[in-house]
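Novice: Here the protein sequences come in this chain order: A and B. For what it's worth, the working numbering labels the leading residue of the first sequence as 1, then goes sequentially. For what it's worth, the working numbering labels the leading residue of the second sequence as 192, then goes sequentially. Glycine is no exception: its CB is placed at the ideal position from the N, C-alpha and C atoms.
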Amino acid sequence: MFLGRTLVAGGAFALGGLGFAAASERGAAAAPSPEQDVRILNFLLRLEYAQQALYQEAVATDALRGELHEFAEVCGDQDAEHVDALRALVGDDAQAKPTFDFGDAVRSRGRFTAAALTLEETASAAYIGQAANLTKDRLPDVARIVAVEARHAAWIRAIAGRNPAPHAADPAKTVQQVMKTLARTGFVERG
Amino acid sequence: MSSEAELTDFLTLEEIDRDGALLEGIADVYGSSRADFLRGAAFASTAVLLGLGRPAVASASPKQDVGILQFDLVFEYLQSTFYLQAVRDRTVAGMKPEKQRWAHVLGAHELAHVAILRDVLGPKARKKPFFNFHGVTESESAFTRTAVAMEDLTVALLGGQAPHFSNPALTSAVFSLLTTEARHAAWARRLSGARPVAGAFDEPKTLNQVGRVVRSTRFIAARPRTGRRGNPNYTG
């Protein structure tokens with residue numbers, strides 16, 4: 001039984017373009033290694049790029065007002081800092097910024113809110129899902145970021161009139177689940 | 192030790208709280224009908240973490256992991272007692288509806304965290320200390336201010352400790368608690384008129400740093416007497 005529930009679902013699977021040996025929700029597919037760190041950090045980087053781009057474009061179109069505008073400005077700047085931090089950790093192997101097309105999500109307040117909520121929740125769950133797969137060298141950096149992602153998620157949920165903290169313990173998501181959610185948004189055009 | 196409940200995705204608080212210590216406290220504050228409701232409430236996501244608990248991780252983990260978990264447990268005892276005490280003092284009942292909801296949700300979450308950590312630690316789990324909040328839970332402004340500080344401090348505590356477990360499953364579980372506490376902190380800050388997120392990075396604190404802050408509050412009045420439950424003279 002020890003750790004059974006959390007590890008039995010393990011097993012690596014290749015993930016399309018990322019060539020990613022992914023992990024189960026809470027178990028390591030492979031023992032942590034610097035090479036695996038690079039793949040994980042690039043995966044997380046991709047989510048930070050998406051958030052940062054959404055906020056930056058929404059602020060630029062001037063569609064947002066009041067607290068929603070403040071949210072986009074503040075989180076856009078902070079996610080840009082996360083992008084820089086992750087790029088610095090990965091070094092030369094850092095993945096380039098994809099091209100995004102957010103459509104109405106950067107023009108309509110309702111669609112922006114829904115998009116931000118999806119991306120923030122997805123990012124938070126993605127970080128949790130990789131916690132057990134990173135080396136000890138990288139965990140402190142990632143822990144400093146994941147808490148901020150969760151704050152962003154709580155903030156946008158509060159603005160949307162939803163419970164900011166819906167779980168006593170936040171769920172994790174696998175790489176596969178995260179990539180599926182991201183694909184469903186249709187935001188990533190190329191990269 | 193093994194039962195069907197371990198295998199389901201939905202454990203109730205009653206199933207988590209095997210010695211009944213938590214629910215006693217809830218019935219005391221909320222009355223038995225609300226306690227019945229909570230008893231049956233499913234803590235779906237905590238069940239995933241509870242899968243870690245049997246046999247208690249503490250018996251198979253290095254001393255350092257156990258030490259961190261014990262420290263976190265004291266902190267969760269402190270938080271859960273704090274919110275329950277504000278309910279008992281009728282401070283929560285006097286707040287506007289969203290703020291009431293916030294206090295109730297946080298209280299329930301912190302109780303669940305206590306249950307999770309006690310379960311993970313098994314028989315080694317520390318008993319609940321006695322708390323004295325020195326009137327802080329009796330005024331809405333002092334209660335809110337302290338809650339904000341406490342939630343931010345918990346984020347710094349868990350963020351600092353999550354990377355140091357030798358058991359990666361514990362790191363993962365504590366990440367789930369860390370993000371929940373970060374949501375609590377963001378929510379608390381927003382309700383108090385502050386920006387929910389301060390900087391781009393949540394800076395960690397060491398156990399020593401957190402211990403110093405907790406001692407400065409004098410909220411922990413005494414260590415619990417062992418071998419005794421019931422109605423000792425303490426808050427919560």
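1. Relative to the alpha-carbon of Q352/B, which residue among L44/A, K136/A, G161/A, A169/A has its alpha-carbon at the smallest distance?
2. Check the Cβ of E81/A against every Cβ in chain B and list those closer than 7 Å, keeping chain order.
3. Which one of L86/A, Q130/A, R111/A has the shortest CA to CA distance from A58/A?
4. Just list the alpha helix (DSSP H) runs in the segment 17-86 of chain A, keeping only unbroken ones of 4 residues or longer that don't cross its boundaries, in chain order.
5. Is it right to say R26/A is buried, meaning 16 or more other beta carbons lie within 10 angstroms of its own, or is it exposed?
6. In the segment 369-391 of chain B, which residues sit with their C-beta less than 9 Å from some C-beta in chain A, listed in chain order?
7. Just to confirm my understanding: we take T185/A, look at its own chain, exclude 5 residues before and 5 after, and list those with CB closer than 6 Å. What are they?
8. For the segment 292-341 of chain B, which segments carrying the beta strand (DSSP E) assignment without a break, of at least 3 residues, lie completely within its bounds, in sequence order?
9. Mind the definition here: the segment 303-311 of chain B touches the segment 254-274 of chain B only if three or more C-beta pairs lie below 8 Å; say whether that holds.
10. Looking at the unbroken alpha helix (DSSP H) that takes in V278/B, where does it start and where does it end?
11. Which residue's Cα is closest to the Cα of L64/A: A132/A, A154/A, A116/A?
12. DSSP three-state call for R409/B: helix, strand or coil?
13. Take the Cβ of Q255/B as the centre, count every other Cβ of all protein chains shown within 10 Å, and call the residue buried at 16 or more, exposed below.
14. Please classify E195/B as buried or exposed, where buried requires at least 16 other C-beta atoms within 10 Å of its C-beta.
15. What residue range does the beta strand (DSSP E) around R190/A cover?
16. Based on Cα-Cα distance, which residue from N133/A, T181/A, E70/A, E67/A lies nearest to E120/A?
17. Span of the alpha helix (DSSP H) holding K180/A?
18. Can you tell me where the alpha helix (DSSP H) holding L361/B begins and where it ends?
19. Starting from V146/A, trace the alpha helix (DSSP H) in both directions and tell me its first and last residue.
20. Check for me: the alpha helix (DSSP H) holding E121/A runs from which residue to which?
21. Tell me the DSSP secondary structure of T99/A in three-state form.
22. Going by other Cβ atoms of all chains shown within 10 Å of its Cβ, with 16 needed for buried, is K319/B buried or exposed?
23. Could you tell me which chain B residues have their CB closer than 8 Å to the CB of R144/A, listed as they occur along the chain?
24. Between A413/B and chain A, is the shortest Cβ-Cβ distance under 8 Å, so that the two count as touching?
25. Identify each residue in the segment 325-356 of chain B for which the Cβ-Cβ distance to at least one residue of chain A is less than 7 Å, and report them in chain order.
26. Go ahead and pull the three-state DSSP assignment for N163/A.
27. Around the C-beta of S24/A, are 16 or more other C-beta atoms found within 10 angstroms, so that it is buried, or is it exposed?
28. Ignore the nearest five residues each way along the sequence and tell me which others in V83/A's own chain have a CB closer than 7 Å to its CB.
29. Closest by CA to E342/B, which one among I411/B, R381/B, Q291/B?
30. Hey, would you say the C-beta of K287/B is under 7 Å away from at least one heavy atom of the ligand COA?
31. Would you call the CB atoms of G298/B and S271/B closer than 8 Å?
32. Kindly indicate which residue of P288/B, V405/B, K396/B, A376/B has the alpha-carbon position closest to the one of H355/B.
Specialist: Taking the structure as given:
1. Comparing Cα positions, the closest option is K136/A.
2. Those within 7 Å of E81/A in chain B are A391.
3. Nearest C-alpha to A58/A: R111/A.
4. The qualifying runs are 34-61.
5. At R26/A the pLDDT is 47, less than 50, meaning the model places this residue with poor confidence; the figure from the coordinates comes in the next sentence. Classification of R26/A: buried, given that the 10 Å Cβ count is 16 or more.
6. Correct list: L369, T370, T371, E372, A373, R374, H375, A376, A377, W378, R380, R381, L382, R386, P387, V388, A389, G390, A391.
7. Around T185/A: no qualifying Cβ.
8. None, since the segment 292-341 of chain B contains no complete beta strand (DSSP E) of that length.
9. Contact annotation: the segment 303-311 of chain B touches the segment 254-274 of chain B, with at least three C-beta pairs closer than 8 Å.
10. Bounds of the alpha helix (DSSP H) holding V278/B are 254-279.
11. Considering only alpha carbons, the answer is A116/A.
12. Here DSSP, grouped into helix, strand and coil, assigns R409/B to coil.
13. Burial state of Q255/B is exposed, judged by a 10 Å Cβ sphere holding fewer than 16 other Cβ atoms.
14. Because E195/B carries a pLDDT of 30, less than 50, the predicted location of this residue cannot be relied on, and no value is offered for it.
15. Here the beta strand (DSSP E) through R190/A covers 188-190.
16. T181/A is the residue among N133/A, T181/A, E70/A, E67/A whose C-alpha sits nearest the C-alpha of E120/A.
17. Bounds of the alpha helix (DSSP H) holding K180/A are 175-185.
18. Where L361/B is concerned, the enclosing alpha helix (DSSP H) stretches over 359-382.
19. First-last of the alpha helix (DSSP H) with V146/A: 139-159.
20. It spans 109-130 - the alpha helix (DSSP H) in which E121/A sits, taken as one unbroken run.
21. In the structure shown, T99/A sits in a strand (DSSP, three-state: E or B).
22. In this structure K319/B is buried. Its beta-carbon is surrounded by 16 or more other beta-carbon atoms within 10 angstroms.
23. Listed along the chain, the chain B residues whose CB falls inside 8 Å of the CB of R144/A are G350, F392, D393, E394, P395.
24. No, A413/B lies away from the interface with chain A (no Cβ there is under 8 Å from its Cβ).
25. Answer set for the segment 325-356 of chain B: V346, G350, A353, P354.
26. Collapsing the DSSP output to three states places N163/A in coil.
27. Note on S24/A: pLDDT 41, under 50, position unreliable in the model; the coordinate value appears next. By the neighbour-count rule (16 or more Cβ atoms within 10 Å), S24/A is buried.
28. Excluding residues within five positions, the ones whose Cβ falls inside 7 Å are L45, E48, Y49, Q52.
29. Checked all of I411/B, R381/B, Q291/B; the closest Cα to E342/B is R381/B.
30. Summarising the ligand content, the structure contains no ligands, and the ligand COA is consequently not present.
31. Cβ atoms of G298/B and S271/B: closer than 8 Å.
32. Looking from the CA of H355/B, the closest CA among P288/B, V405/B, K396/B, A376/B belongs to K396/B.
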